[in-house]
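Notes follow the structure.
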Amino acid sequence: MDHHLLARRLGAPPLLAILSCLALILAGCRSSSAHAGPAPRPVFAFPAAAAATKAHAVARHHERLRVALDAAATRVGEALGALAAVTPASSSSSPALAAAAREDCAELLDEALQLLAGARAAPRAARGDALTWLSAALTNHDTCADSLAEAGAPLQAHRHLAAARGVVRDSLAMYASSTTAAAEAATATGATTEEAGGAAGLVRSSCKNETARRQGPCGFPRWLPARDRRLLLAPAASLAGSADIVVAKDGTGTHATIADAVKAAPECSERRTVIHVKAGRYDENVKVGMKKTNLVFVGDGKGVTVVAGNRSVADNYTTFRTATFAASGFGFMMRDMTVENWAGPARHQAVALRVSADRAVVHRCSIAGYQDTLYVHSNRQFYRDCDVYGTVDFVFGNAAAVLQRCNLWARVPLPGQKNTVTAQSRNESCQLTGIVLHACRLLATPAAEEGLVAPTAYLGRPWKPFSRVVVMLSFIGPHVPPQGWLEWNASSTPYALDRLYFAEYMNYGPGAGVAGRVPWPGHRVINSTAEAERFTVARFIDGASWLPATGVSFVAGLSLL
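According to mature numbering (1 follows the signal peptide of the UniProt record, and there is no 0), the sequence shown holds residues -31 to -1, 1 to 530 in order.
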């Protein structure tokens, strides 16, 4: 479809102006920073006139952004329809895998539409939310492309997806380039940074709920009343009679399976729904969809409440669909549980926990698997006091994720495999994404059988071109070799080594020495506190504004804990 036809279809003439200047805007996406510098100030201008001129310019820019988001939504909708018409028989793989890929794309593109709507509804003061959701919408497109590639989908399927992805990327680039100007205009016009509509804009876009979000005392949203805060802080043993839903295998709860409990939970809720999952092993695959907002899963402890599955790519599932537990509903929380995928190392990719939810929290949980254990897929996520077990790429994805005071256990891999703790998939420089390991411990499990060599593990490898991983103030065990990091595929042309950002800051332990680290342009040892602070909970995921409402302990700054 040409641009003129698209403009007529949208009834939006300003789109032509946008398309004509995208080459300039996209330069900001390719630069090392996601933010453009401030525009030069006029030499002769009275302060009031300058402020009014700037505010008027920003208003025009916001209108262009809205038109761009409408265009992106149109293209995503077209791609969704086109991919629905692709038959499993047209793929080079098994019909089951092709059908799984098509299901992935239907889910991912539908969620991308909701993320775009949330970004469009976000007020100017909620620009961080909009950038997060646009980054996530782009990640959804890339995940759909990955699933199509796994299934051997025909070329026309990729073409439809690429056209939609390009327009979403353009919208993200425009938002990223306007961040500084918008902040200046807000200051000039006296706008505050607490205007309503940010987080609730996403809930409304996915749920069509028009209830406005209002800020309560002490930073808690009004949709999180005192009762909910007490529940979140309470030990599991005290939840009897207080949780909204109780799951128990022995019939003493309201439901016997977690999946049934999720079905019974309200949709589009702006208050927490607490689901107490009693002790036991639950052999099921659980999905918390985007409309199941603010669900809190509380178990009776690691290894006591266990959710187990064994899906893998070897069984004709896409990586995305192998997850034992998958959550994309805003405000998802999990506490005091184990989630595992026991497919084993020979079954290759097999996800235990996949999280796409914005403002997600996982606290005091064990996440166990082998290859691709923890899929930090998209949006903002926080993990605290968790144990993660795996072999290859066992923390991977394109969320803005901070793991704080967690243990990352490298297991014994298959012969010939190399363990990597992280595989981050940032595909554009203006995506606000990355994996941060803060005050964690990187450890190796003992060899399970006599004669096996104890595992080694690299800190990470670049899954996508702008991969970003930061390891700071963490203990690194002797199982990490001196070079520290691994290429994506050592037998092929070097990939992304000048565009990635792999950084280390004030780590300690036998494997923390940086003298022998890889000589890549993208690897750096951080020597500046100011640079390290960019990857704290407060700065990287804006955690100080929303984590207090969860009742979870966290450190907002650089403290070693």
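Idealized CB from N, CA, C, for every residue including glycine. Quantities reported herein were computed from a predicted structural model and do not represent experimental measurements.
Drop a sphere of 10 angstroms on the beta-carbon of I(-7), count the other beta-carbons inside from all chains shown, and report buried for 16 or more, exposed for fewer. The sequence position of residue -7 within the sequence shown is 25, counting from 1. A caution first: I(-7) carries a pLDDT of 41, below 50, which makes its placement in the model unreliable, though a value can still be read off. Classification of I(-7): buried, given that the 10 Å Cβ count is 16 or more.
Return the first residue and the last residue of the alpha helix (DSSP H) that G446 is part of. Position 477 of the sequence shown holds residue 446. G446 -> no alpha helix (DSSP H), and no H or E assigned at all.
Cα-Cα separation, T360 to H224: Locating residue 360 in the sequence shown gives position 391, counting from the first residue. Locating residue 224 in the sequence shown gives position 255, counting from the first residue. Approximately 35 Å between the Cα atoms of the pair.
Name the DSSP bridge partner or partners of V494? The residue given as residue 494 occupies position 525 in the sequence shown. Partner(s): E473.
Can you give the beta carbon distance from T274 to G298, rounded, assuming they're within the 8 Å contact cut? The residue labelled residue 274 in the question sits at position 305 within the sequence shown. The residue labelled residue 298 in the question sits at position 329 within the sequence shown. Actually they do not touch by this definition, with Cβ atoms about 20 Å apart.
Helix, strand or coil, according to DSSP, for W378 in the structure here? Here residue 378 is taken as the residue at index 409 of the sequence shown, counted from 1. Strand at W378.
Residue from Y144, A329 and A70 whose Cα sits closest to the Cα of H30: Mapped onto the sequence shown, residue 30 falls at position 61. Checked all of Y144, A329 and A70; the closest Cα to H30 is Y144.
Of the residues S281, D327 and H110, which one's Cα is nearest the Cα of R128? Taking the sequence shown and counting its residues from 1, the one referred to as residue 128 is at position 159. Between R128 and the set S281, D327 and H110, the nearest pair of CA atoms involves H110.
Three Cβ pairs or more, each shorter than 8 Å: is that satisfied between the region 362 to 369 and the region 398 to 406? Yes, the region 362 to 369 touches the region 398 to 406.
Assuming A81 contacts A91 under a Cβ cut-off of 8 Å, what Cβ separation, rounded to an integer in Å, is found between them? Residue numbering aside, residue 81 sits at position 112 when the sequence shown is read from its first letter. Residue numbering aside, residue 91 sits at position 122 when the sequence shown is read from its first letter. Here A81 is actually not in contact with A91; their C-beta atoms are around 16 Å apart, not less than 8 Å.
Which residues mark the beginning and the end of the beta strand (DSSP E) in which L343 is found? Locating residue 343 in the sequence shown gives position 374, counting from the first residue. First-last of the beta strand (DSSP E) with L343: L343 to V345.
Where does H127 sit, in a helix, a strand or coil, going by DSSP? If you number the sequence shown from 1, residue 127 lands on position 158. Of the three classes helix, strand and coil, the one that applies to H127 here is helix, per DSSP.
Sorted by chain position, which residues of the same chain lie with C-beta nearer than 7 Å to G258's C-beta, five sequence neighbours on each side aside? Counted from its first residue, the sequence shown places residue 258 at position 289. The residues are S297 and G298.
Given this structure, state the Cα-to-Cα distance separating A423 from P447, to the nearest angstrom. To locate residue 423, count along the sequence shown from 1; it is residue 454. To locate residue 447, count along the sequence shown from 1; it is residue 478. Distance between the alpha carbons of A423 and P447: 11 Å.
How close, in whole Å, do the beta carbons of S335 and D354 come, if the pair is a contact with beta carbons under 8 Å? Translated into positions along the sequence shown, residue 335 becomes position 366. Translated into positions along the sequence shown, residue 354 becomes position 385. So it is not a contact: roughly 10 Å between Cβ atoms.
Would you kindly check if the distance between the Cβ of A321 and the Cβ of F301 is under 7 Å? Counted from its first residue, the sequence shown places residue 301 at position 332. Counted from its first residue, the sequence shown places residue 321 at position 352. Cβ distance not < 7 Å, so F301 and A321 don't count as in contact.
Where do the ends of the beta strand (DSSP E) carrying K218 lie? Residue mapping note: residue 218 aligns to position 249 of the sequence shown, counting from 1. K218 -> no beta strand (DSSP E), and no H or E assigned at all.
Taking all protein chains shown into account, decide if Q400 is buried (16 or more other Cβ within 10 angstroms of its Cβ) or exposed. Stepping through the sequence shown from its first residue, residue 400 is reached at position 431. Taking a 10 Å sphere around the C-beta of Q400, we find 16 or more other C-beta atoms and assign the residue as buried.
Ignore the nearest five residues each way along the sequence and tell me which others in Y477's own chain have a CB closer than 7 Å to its CB. Position 508 of the sequence shown, counted from the first residue, corresponds to residue 477. If we look at Y477 and ignore the five residues flanking it on each side, its Cβ neighbours are F444.
Over what stretch of residues does the beta strand (DSSP E) that includes I336 continue unbroken? In the sequence shown, counting from the first residue as 1, residue 336 sits at position 367. Its beta strand (DSSP E) spans residues S335 to A337.
With 16 other CB atoms within 10 Å as the buried threshold, where does R328 fall? For this step, residue 328 is matched to residue 359 along the sequence shown. Around the C-beta of R328, 16 or more other C-beta atoms lie within 10 Å, and the residue is accordingly described as buried.
For E119, which residues from the same chain have a beta carbon less than 8 Å from its beta carbon, with the 5 sequence-adjacent residues on both sides left out? Numbered from its first residue, the sequence shown carries residue 119 at position 150. Counting only residues of its own chain and dropping the five nearest sequence neighbours on each side, E119 has a CB closer than 8 Å to the CB of S62, L66, A70, V282, T287 and T288.
Can you find the residues in the same chain that come closer than 7 Å, C-beta to C-beta, to A337, ignoring five residues on each side of it along the sequence? Along the sequence shown, read from residue 1 onward, the residue named residue 337 stands at position 368. Correct list, in chain order: T307, E309, A321 and Y358.
Tell me whether the beta-carbon of residue 541 lies closer than 7 Å to the beta-carbon of C409. Residue coverage of the chain in this structure runs from -31 to 530, which leaves residue 541 outside it and unanswerable.
Is DSSP giving F294 helix, strand or coil here? Position 325 of the sequence shown, counted from the start, is the residue given in the question as residue 294. Residue state, collapsed to three classes: strand.
Taking the alpha helix (DSSP H) that P64 falls in, what are its first and last residues? Stepping through the sequence shown from its first residue, residue 64 is reached at position 95. Secondary structure note for P64: its alpha helix (DSSP H) is the uninterrupted segment P64 to A90.
So, at 7 Å on beta carbons, what are the nonlocal neighbours of P479 in its own chain, with the 5 sequence-adjacent residues on each side left out? By 1-based counting over the sequence shown, the position of residue 479 is 510. Around P479: G446 and P447.
Give me the DSSP bridge partner(s) of P431. Stepping through the sequence shown from its first residue, residue 431 is reached at position 462. Answer by DSSP bridge pairing, in chain order: Q393.
Determine the burial state of D213: buried for a count of at least 16 other Cβ atoms within 10 Å of its Cβ, exposed for fewer. On the sequence shown, position 244 is the one that residue 213 refers to. With 16 or more other Cβ atoms from the protein chains shown falling within 10 Å of its own Cβ, D213 counts as buried.
Can you find at least 3 beta carbon pairs, one from the region 239 to 249 and one from the region 264 to 271, that sit closer than 8 Å? Touching, per the Cβ criterion.
Applying the 10 Å Cβ sphere with the 16-neighbour rule, what's the burial state of N348? Walking along the sequence shown from the start, residue 348 turns up at place 379. For N348, the number of other beta carbons within 10 angstroms of its own is at least 16, and it is reported as buried.
Secondary structure of M303, DSSP reduced to three states: The count along the sequence shown starts at 1 and reaches residue 303 at position 334. Strand, per DSSP.
At which residues does the beta strand (DSSP E) containing H110 begin and terminate? Indexing the sequence shown from 1 puts residue 110 at position 141. That residue, H110, is in no beta strand (DSSP E); its alpha helix (DSSP H) goes R96 to A120.
For G366: DSSP bridge partner residues: Here the question's residue 366 lines up with position 397 in the sequence shown. According to DSSP, which records beta bridges pairwise, G366 is partnered with Q393.
Identify which residue in A54, S528, L466 and G482 has its Cα closest to the Cα of E473. Numbered from 1 along the sequence shown, position 504 holds the residue referred to as residue 473. The shortest C-alpha separation from E473 is found at G482.
Determine the direct distance from the alpha carbon of P382 to that of R508, and round the result to whole angstroms. In the sequence shown, residue 508 corresponds to position 539, counting from 1. In the sequence shown, residue 382 corresponds to position 413, counting from 1. Whole-angstrom Cα-Cα distance: 35 Å.
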